[in-house]
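**Q** From first to last, the protein sequence lines stand for chains A and B. Heads up: the first sequence begins at 62 in the working numbering, then just goes up one per residue. Heads up: the second sequence begins at 62 in the working numbering, then just goes up one per residue.
Number of protein chains: 2
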Amino acid sequence: MDTRSICLGVLSMGEATGYEIKKLFEEGPFSHFYDAGYGSIYPALGKLLEAEQVTCRVEAQAGRPAKKVYAITDAGHEVLAGALHEEPAIDHIRSEALVMMFFGHKLSADQRARVLDKYHGHYAKVLAGLHELDTSREGFGRQFVHGFGLAIYETAVRYLEEHGDEFLDGKTANDKIGAEQ
Amino acid sequence: MDTRSICLGVLSMGEATGYEIKKLFEEGPFSHFYDAGYGSIYPALGKLLEAEQVTCRVEAQAGRPAKKVYAITDAGHEVLAGALHEEPAIDHIRSEALVMMFFGHKLSADQRARVLDKYHGHYAKVLAGLHELDTSREGFGRQFVHGFGLAIYETAVRYLEEHGDEFLDGKTANDKIGAEQ
DNA sequence: ATAACCATGTAAATGGTTACATGATTAG
DNA sequence: CTAATCATGTAACCATTTACATGGTTAT
Numbered sequence: 062m063d064t065r066s067i068c069l070g071v072l073s074m075g076e077a078t079g080y081e082i083k084k085l086f087e088e089g090p091f092s093h094f095y096d097a098g099y100g101s102i103y104p105a106l107g108k109l110l111e112a113e114q115v116t117c118r119v120e121a122q123a124g125r126p127a128k129k130v131y132a133i134t135d136a137g138h139e140v141l142a143g144a145l146h147e148e149p150a151i152d153h154i155r156s157e158a159l160v161m162m163f164f165g166h167k168l169s170a171d172q173r174a175r176v177l178d179k180y181h182g183h184y185a186k187v188l189a190g191l192h193e194l195d196t197s198r199e200g201f202g203r204q205f206v207h208g209f210g211l212a213i214y215e216t217a218v219r220y221l222e223e224h225g226d227e228f229l230d231g232k233t234a235n236d237k238i239g240a241e242q
Numbered sequence: 062m063d064t065r066s067i068c069l070g071v072l073s074m075g076e077a078t079g080y081e082i083k084k085l086f087e088e089g090p091f092s093h094f095y096d097a098g099y100g101s102i103y104p105a106l107g108k109l110l111e112a113e114q115v116t117c118r119v120e121a122q123a124g125r126p127a128k129k130v131y132a133i134t135d136a137g138h139e140v141l142a143g144a145l146h147e148e149p150a151i152d153h154i155r156s157e158a159l160v161m162m163f164f165g166h167k168l169s170a171d172q173r174a175r176v177l178d179k180y181h182g183h184y185a186k187v188l189a190g191l192h193e194l195d196t197s198r199e200g201f202g203r204q205f206v207h208g209f210g211l212a213i214y215e216t217a218v219r220y221l222e223e224h225g226d227e228f229l230d231g232k233t234a235n236d237k238i239g240a241e242q
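#1: Taking the continuous beta strand (DSSP E) assigned at A120(A), which residues delimit it?
#2: Check whether the Cβ atoms of L145(A) and L69(A) sit closer than 7 Å, and answer yes or no.
#3: Less than 7 Å between CB atoms is the rule here; does L106(B) satisfy it with respect to chain A?
#4: With burial defined as no fewer than 16 other Cβ atoms inside 10 Å of the residue's Cβ, what is the status of Q242(B): buried or exposed?
#5: Which residues bound the beta strand (DSSP E) around A97(A)?
#6: If contacts are defined as beta-carbon pairs under 8 Å, then Y220(B) and A212(A) qualify, I think. What distance do you get, rounded to the angstrom?
#7: Any heavy atom of the ligand NAP closer than 6 Å to the Cβ of I151(A)?
#8: For D96(B) and H207(B), what's the separation of their Cα atoms in angstroms?
#9: Okay, do the region 191-209 of chain A and the region 221-235 of chain B touch, 3+ Cβ pairs below 8 Å being the bar?
#10: Just reading off the alpha helix (DSSP H) that H251(A) is part of, what are its end residues?
#11: Among the residues of its own chain, which have a CB less than 7 Å from the CB of E138(A), if the five just before and after it don't count?
#12: Mind listing the chain A neighbours of L194(B)? Cutoff is C-beta to C-beta under 7 Å, in chain order.
#13: Under three-state DSSP, which class holds I67(B)?
#14: For chain B, is any of its Cβ atoms less than 7 Å away from the one on L229(A)?
#15: My guess is that A132(B) and E76(B) are in contact by the Cβ rule of under 8 Å, so how many angstroms apart are they, rounded?
#16: Output yes if chain A places a C-beta closer than 7 Å to the C-beta of S156(B); else output no.
#17: What three-state label does DSSP hand I258(B) in the structure shown?
#18: Check whether the Cβ of L145(B) lies closer than 7 Å to any Cβ atom in chain A.
#19: Tell me, which residues are paired with I151(B) by DSSP?
#20: Of all Cβ atoms in chain A, is any one closer than 7 Å to the Cβ of F209(B)?
#21: Closer than 8 Å, Cβ to Cβ, to anything on chain B: give me those residues from the region 73-102 of chain A, in chain order.
#22: Who are the neighbours of P149(B) on chain A, taking C-beta pairs under 7 Å?
#23: For Y220(A), go through chain B and note every residue whose CB falls closer than 8 Å to its CB, in chain order.
#24: Can you tell which of D152(A), P149(A) and Y103(A) has the C-alpha that lies nearest to the C-alpha of K128(A)?
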């Protein structure tokens, strides 16, 4: 399940260009559990084309760069089905922001604010994107994953909003209890 | 903020071996937001040693392989402080399981059950590990990040338990509403 | 018996990020 | 006028994963 397989998956929903696929990872229905840049999407599409798992049609556009519209082939559908029946790997999660927050006592107040703010901003933005998606007419898989994303990102944003001050002030839950007593 | 910096961070909390660092990522306080295997930890420690950001002491053990206990140096502390004041990158998240679930309609019932079960098992295991941690005497950063992890992983496990059947049965929320009417 | 744990490491292969390269159109 | 959007791609660099290599002890 590398970028190639995900691209096949996206193309199984309909034709798309590399640029459009990137947007799905940035703002669309994949934004909360997958990311890939142009530097990995374009080479992936190139390899899929070589392997004849996709076809490519060039569309000229007036006053715009030409598009390359990719479509999945029968061979591509087979490879995708195979990839979807492998053992899924454990989620890859790597959060630099959480590492920084973990070592919050080593951060300046400025940096604490910057890190928290950026983190909250990102989660809020992804959450807003999820809210804009309407999956009510989509299949059960998309609905399930969409609901999962909503649940998680809502929890994350709420936590950051409710507990952010403790982090910024450098207060622990203990400090708060002590102050109340 | 690559594996080298995180290793420095871990070592800023006390001496450790590569094996112990790995365990922190697997089961310990980093398990919910970072992972790295031996293949990236050992080389990272090697480079830190070369750069004199850590020292290394070999400890022989009876009936056990010898340990290499690493400790952070002053230079290491400086590099760590610098790394902690950079701009944090956006979280890297890549979930093969969610990709598979997204395409649930292309999965056999067997594979749906396998994927869901593995996913739930992993989240439940990390959550159990988080519950076992007592951060009440730790600094505000660790408490904040621990609380964040608990909130997120509890939400995830609950969602999978409450909505898993819909995914296994291939039913959408719409189908359910329809059945109730 | 068998699996899991302790404990290290390297080499090859894979894969991903970043920087470079181009350039017109449109919205603010 | 400035930034963002549309649209593609490559080359160099960097990081990570996987497979290989070793082997005694302890718990089930």
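In this text, a Cβ means the ideal position worked out from N, Cα and C, and glycines have one as well.
**A** Concretely, from the data shown:
#1: Locating residue 120(A) in the first sequence gives position 59, where the first residue counts as 1. Note that residue 120(A) corresponds to Glu in the displayed sequence, not to Ala. It spans V115 to Q122 - the beta strand (DSSP E) in which E120(A) sits, taken as one unbroken run.
#2: Residue mapping note: residue 145(A) aligns to position 84 of the first sequence, counting from 1. Residue mapping note: residue 69(A) aligns to position 8 of the first sequence, counting from 1. Taking 7 Å as the cut-off, the beta carbon of L145(A) is found no closer than this to the beta carbon of L69(A).
#3: Within the second sequence, numbered from 1, the residue matching residue 106(B) stands at position 45. Chain A has no Cβ within less than 7 Å of the Cβ of L106(B).
#4: Residue 242(B) sits at position 181 when you count from the first residue of the second sequence. With a pLDDT of 46 at Q242(B), under the threshold of 50, the modelled position of that residue is not reliable, and the figure given next carries that caveat. Exposed, because fewer than 16 other Cβ atoms sit within 10 Å of the Cβ of Q242(B).
#5: As a working note, residue 97(A) is residue 36 in the first sequence. Counting along the chain, no beta strand (DSSP E) covers A97(A), and no H or E run does either.
#6: On the second sequence, residue 220(B) is found 159 positions in, with the first residue counted as 1. On the first sequence, residue 212(A) is found 151 positions in, with the first residue counted as 1. With a Cβ gap of about 5 Å, Y220(B) and A212(A) count as contacting.
#7: With respect to the ligand NAP, the structure offers nothing, as it holds no ligand at all.
#8: Numbered from 1 along the second sequence, position 35 holds the residue referred to as residue 96(B). Numbered from 1 along the second sequence, position 146 holds the residue referred to as residue 207(B). Distance from the CA of D96(B) to the CA of H207(B), rounded to the nearest whole angstrom, comes to 16 Å.
#9: Yes, they touch.
#10: Limits of chain A in this structure are 62 at one end and 242 at the other, which puts residue 251(A) out of reach.
#11: For the purposes of this step, residue 138(A) is taken as the residue at position 77 of the first sequence. For the record, residue 138(A) in the displayed sequence is His; it is not Glu. Counting only Cβ-Cβ distances below 7 Å, and skipping sequence neighbours, we find S73.
#12: Walking along the second sequence from the start, residue 194(B) turns up at place 133. Residues of chain A whose Cβ lies closer than 7 Å to the Cβ of L194(B) do not exist, since the nearest Cβ in that chain is about 12 Å away.
#13: In the second sequence, residue 67(B) corresponds to position 6, counting from 1. Helix.
#14: Stepping through the first sequence from its first residue, residue 229(A) is reached at position 168. No, no contact with chain B.
#15: In the second sequence, counting from the first residue as 1, residue 132(B) sits at position 71. In the second sequence, counting from the first residue as 1, residue 76(B) sits at position 15. Rounded to the nearest angstrom, the Cβ distance from A132(B) to E76(B) is 5 Å, consistent with a contact under 8 Å.
#16: If you number the second sequence from 1, residue 156(B) lands on position 95. Using a Cβ-Cβ cut-off of 7 Å, S156(B) counts as an interface residue toward chain A, since at least one Cβ of chain A sits closer than that to its own.
#17: Residue 258(B) lies beyond the residue range present for chain B, which begins at 62 and ends at 242; the question has no answer from this structure.
#18: Taking the first residue of the second sequence as position 1, residue 145(B) is located at position 84. Residue contact with chain A for L145(B): present (Cβ-Cβ distance below 7 Å to some residue of chain A).
#19: Counted from its first residue, the second sequence places residue 151(B) at position 90. For I151(B), no pairing in a beta bridge is given by DSSP.
#20: Translated into positions along the second sequence, residue 209(B) becomes position 148. At least one chain A Cβ lies under 7 Å of F209(B).
#21: Against chain B - using a Cβ distance shorter than 8 Å - the residues of the region 73-102 of chain A are S73, P90, F91, H93, F94, Y95 and D96.
#22: Mapped onto the second sequence, residue 149(B) falls at position 88. Result: E157, A158, M161, V176 and K179.
#23: Within the first sequence, residue 220(A) is the residue found at index 159, counting from 1. Using a Cβ-Cβ cut-off of 8 Å, Y220(A) is close to G208, F209, A212 and I213 of chain B, given in chain order.
#24: On the first sequence, residue 128(A) is found 67 positions in, with the first residue counted as 1. When only C-alpha atoms are compared, the closest one is Y103(A).
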